[in-house]
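Asker: Numbers in our numbering are just positions in the sequence shown, counted from 1, shifted up by 1. Take this structure first; my questions come after.
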Amino acid sequence: MATIDRIYILDGGMAQVDDGSIYSPGINVGVPMTLSCNAYLISHRGEWLIWDTGIEDELAKHPEGRIIAHGIRGVVHRPIADQLDEIGVRPHDVSTILLSHAHFDHIGNVDLFENARWIAQRAEFEAMFGLEPEEFGYSLPHYKMLKERPYEIVEGDHDIFGDGAVRMIFTPGHTLGHCSLMVRLPRRGAVLLSGDVAHNRENLKHMRVPSFNADPQATVASMARVAELLRVENAEIWINHDTAQSEGLTYAPKWIA
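What follows is the structure, encoded as structure tokens:
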């Protein structure tokens, strides 16, 4: 089975909350939490793909950040555009954009990638551009330009390049069309980029469902599916918002193969 060439982990900012129990009802009540927000730049056969885009770079002008949705404060110290520059990749070099889902800390910089084709999960697309996107915690102005560019609608799991190197895995629950991404690295092997199927390893282990998830039952089913995938594929998982895990990973401009 094919592999990608390499992956760069980009610092997409931080999400800060005063009450961590929104991610695990009954647990961490009243405990402030800071969550890592990552984006991932993938090189495959001369093409660049980005998975999620972090919190909008504009917030770097406001060191204290700003509360954006669900009482969550977004903070940015390293703009995505600057990190791409350090790598030597221009935003217009990126040919494909994938999103785990449309919350602000994942779609903040979609407007940077003007030449990228968006591959969208149908259920997420319909929620994003439906009558009431705010019902799902979405902010249409943050991503409305995606509909004005080339896009492809898919349903369920999807092999991005047709060779098994990058696979979109349908893991609904956090949002109606939430996805994770399975990538195969030449040396490290299979890695699942979790999106927000769970916000940290403890929540995944105990199948804790955030209070604001769109479908609690689907969330539990998706976490169970992820656990089985990790076993079958002998894969590791990088949990996007698990700050402790993220601190142990290698960030751009270094890459992982």
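C-beta atoms are modelled at their ideal positions from N, C-alpha and C, and glycine is treated no differently. Everything numeric in this text was worked out from a predicted model, so none of it was measured.
#1: In chain order, which beta strand (DSSP E) runs of at least 3 residues are fully inside the region 17-85?
#2: Quick one: grab the DSSP three-state call for MET224.
#3: Quick one: residues in its chain with C-beta nearer than 6 angstroms to the C-beta of LEU250, no 5 flanking neighbours on either side, listed in chain order?
#4: My output table needs one value for ILE88: the three-state DSSP class, helix, strand or coil.
#5: Ignoring anything shorter than 4 residues, give me the alpha helix (DSSP H) runs that lie fully in the region 129-203, in order along the chain.
#6: Mind checking who ILE5 pairs with in its DSSP beta bridge?
#7: Measuring only the C-alpha atoms, how far is GLY14 from ALA228?
#8: Thinking just about the alpha-carbon of each residue, which of GLN17, LEU194, HIS104 and HIS63 is nearest to the one in ALA215?
#9: Measure from the alpha carbon of PHE114 to the alpha carbon of each residue in ARG189, MET146, ASN201 and VAL30, then state which is nearest.
#10: On the DSSP bridge list, what partners appear for ASP12?
#11: Just verifying my parser: in three-state terms, what is the DSSP assignment at ALA219?
#12: Are there 16 or more other CB atoms within 10 angstroms of the CB of ASP19, so buried, or fewer, so exposed?
#13: Can you find the residues in the same chain that come closer than 6 angstroms, C-beta to C-beta, to ASP247, ignoring five residues on each side of it along the sequence?
#14: Answer yes or no: do TYR144 and ILE108 have a C-beta to C-beta separation smaller than 8 angstroms?
#15: Please look up how many angstroms separate the CB atoms of HIS159 and HIS102, rounded, as I've assumed it's under 8 angstroms.
#16: Let me know the secondary structure DSSP gives ARG118 once reduced to three states.
#17: By how many angstroms is the C-alpha of PRO173 removed from the C-alpha of ARG226?
#18: I need the straight-line Cα distance from GLY196 to ASP86, nearest angstrom please.
#19: Please report the Cβ distance between GLY55 and GLY66, rounded to the nearest whole angstrom; I am assuming they are in contact, meaning their Cβ atoms lie under 8 angstroms.
#20: Output the distance between the C-alpha atoms of ASN204 and CYS180, rounded to the nearest integer angstrom.
#21: Note down the Cα distance separating GLY157 from LYS255, rounded to an integer number of angstroms.
Answerer: Based on what the coordinates show:
#1: 34-45, 48-52, 67-70 and 73-76, all fully within the region 17-85.
#2: Walking along the sequence shown from the start, residue 224 turns up at place 223. Under the three-state reduction of DSSP, MET224 is assigned to helix.
#3: Taking the sequence shown and counting its residues from 1, one reaches residue 250 at position 249. For LEU250, where only same-chain residues beyond five positions count, the Cβ hits under 6 angstroms are ILE10.
#4: On the sequence shown, position 87 is the one that residue 88 refers to. ILE88: helix per DSSP, three-state reduction.
#5: Taken in chain order, the unbroken stretches of alpha helix (DSSP H) that lie wholly in the region 129-203 and span 4 residues or more are 141-144.
#6: For this step, residue 5 is matched to residue 4 along the sequence shown. When DSSP reads this structure, ILE5 sits in no beta bridge, so it has no partner.
#7: Along the sequence shown, read from residue 1 onward, the residue named residue 14 stands at position 13. Along the sequence shown, read from residue 1 onward, the residue named residue 228 stands at position 227. Between GLY14 and ALA228, the C-alpha separation is close to 27 angstroms.
#8: Start at 1 with the first residue of the sequence shown, and residue 215 comes out as number 214. Selection GLN17, LEU194, HIS104 and HIS63 evaluated against ALA215 yields HIS104 as nearest (Cα-Cα).
#9: Residue mapping note: residue 114 aligns to position 113 of the sequence shown, counting from 1. It is MET146.
#10: Here residue 12 corresponds to residue number 11 of the sequence shown, with the count starting at 1. Its beta-bridge partners are ASN39.
#11: In the sequence shown, residue 219 corresponds to position 218, counting from 1. In this structure, ALA219 counts as helix in the three-state DSSP scheme.
#12: The sequence position of residue 19 within the sequence shown is 18, counting from 1. Under this definition ASP19 is an exposed residue.
#13: Mapped onto the sequence shown, residue 247 falls at position 246. For the record, residue 247 in the displayed sequence is Ser; it is not Asp. For SER247, the CB contacts under 6 angstroms within the same chain, skipping 5 residues up- and downstream, are SER37 in chain order.
#14: Looking up residue 144 in the sequence shown gives position 143. Looking up residue 108 in the sequence shown gives position 107. The Cβ-Cβ distance between TYR144 and ILE108 falls below 8 angstroms.
#15: For this step, residue 159 is matched to residue 158 along the sequence shown. For this step, residue 102 is matched to residue 101 along the sequence shown. Between HIS102 and HIS159 the Cβ distance is about 15 angstroms, and since that is not below 8 angstroms, they are no contact.
#16: Here residue 118 is taken as the residue at index 117 of the sequence shown, counted from 1. Three-state DSSP puts ARG118 in a strand.
#17: Along the sequence shown, read from residue 1 onward, the residue named residue 226 stands at position 225. Along the sequence shown, read from residue 1 onward, the residue named residue 173 stands at position 172. Going from the Cα of ARG226 to the Cα of PRO173 covers about 11 angstroms.
#18: To locate residue 196, count along the sequence shown from 1; it is residue 195. To locate residue 86, count along the sequence shown from 1; it is residue 85. Rounded to the nearest angstrom, the two C-alpha atoms are 24 angstroms apart.
#19: To locate residue 55, count along the sequence shown from 1; it is residue 54. To locate residue 66, count along the sequence shown from 1; it is residue 65. That belief does not hold up - the Cβ atoms of GLY55 and GLY66 are roughly 13 angstroms apart, past 8 angstroms.
#20: Sequence index remark: in the sequence shown, residue 204 carries index 203 (1-based). Sequence index remark: in the sequence shown, residue 180 carries index 179 (1-based). About 17 angstroms.
#21: Translated into positions along the sequence shown, residue 157 becomes position 156. Translated into positions along the sequence shown, residue 255 becomes position 254. Looking at the backbone, the Cα of GLY157 and that of LYS255 are separated by about 32 angstroms.
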